[in-house]
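Undergrad:
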Amino acid sequence: MKDFRLDKHPNIASGFKAPDNYFEDLEKRIMEQLPAQEPKVIPLFARRKTWMMSAVAILVLALSIPVYNNFYNTSEEIDAASMENYLAYQSNISQYDLINLLDSEDIQSLDVDLALEDNTIEDILTNNNNLENYIYENE
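According to the working numbering, the sequence shown is numbered sequentially starting from 261.
1) Could you tell me the alpha carbon to alpha carbon distance between M312 and L323, rounded to whole angstroms?
2) If I measure Cβ to Cβ from F305 and keep anything under 6 Å in the same chain, skipping five residues before and after, which residues do I get?
3) Report the start-end ranges of each alpha helix (DSSP H) in the region 350-391 that is 4 residues or longer and not cut off at the edges.
4) Kindly indicate which three-state DSSP category Y394 falls into: helix, strand or coil?
5) I338 and L347: beta carbons closer than 8 Å?
6) Going straight from the alpha carbon of V327 to that of V320, what length do you get?
7) What do you reckon, are the CB atoms on L385 and L376 nearer than 8 Å?
8) Only counting the same chain, and skipping five residues up and downstream in sequence, which positions put a Cβ closer than 8 Å to that of P299?
9) Helix, strand or coil for V320, going by three-state DSSP, please let me know.
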């Protein structure tokens, strides 16, 4: 194989040649082809829109927090009927013990004047099967 050296062999000329003064005028020609820059206009409605969006976001947040708290409320409050049933059937506390624990303010709050009609009392007496038990308890 022959020794090949670039400095001894004639170079082959490339087929491309830049025109005269091409690179000197290149920047000027490119800048002429670009569109003229227009100054940016800041619309006044953009600020108003931002404030309105902020107000709407705060309003939505303020309305959704109570809904979220009520939806995920983990406190288990016992209703009065459940408490009464538990005390009546499951506990060892008698009604006499409960009466002894009440003070005069509690008794006054329980003392309510109920105006019952004769028809209502008659319906209760006919529909209540445990009347005899109540009569014997009071004796």
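Cβ coordinates follow ideal geometry from the N, Cα and C atoms, glycine included.
TA: On the basis of the data shown:
1) 16 Å
2) none
3) 355-361, 364-370, 378-387
4) helix
5) no
6) 11 Å
7) no
8) none
9) helix
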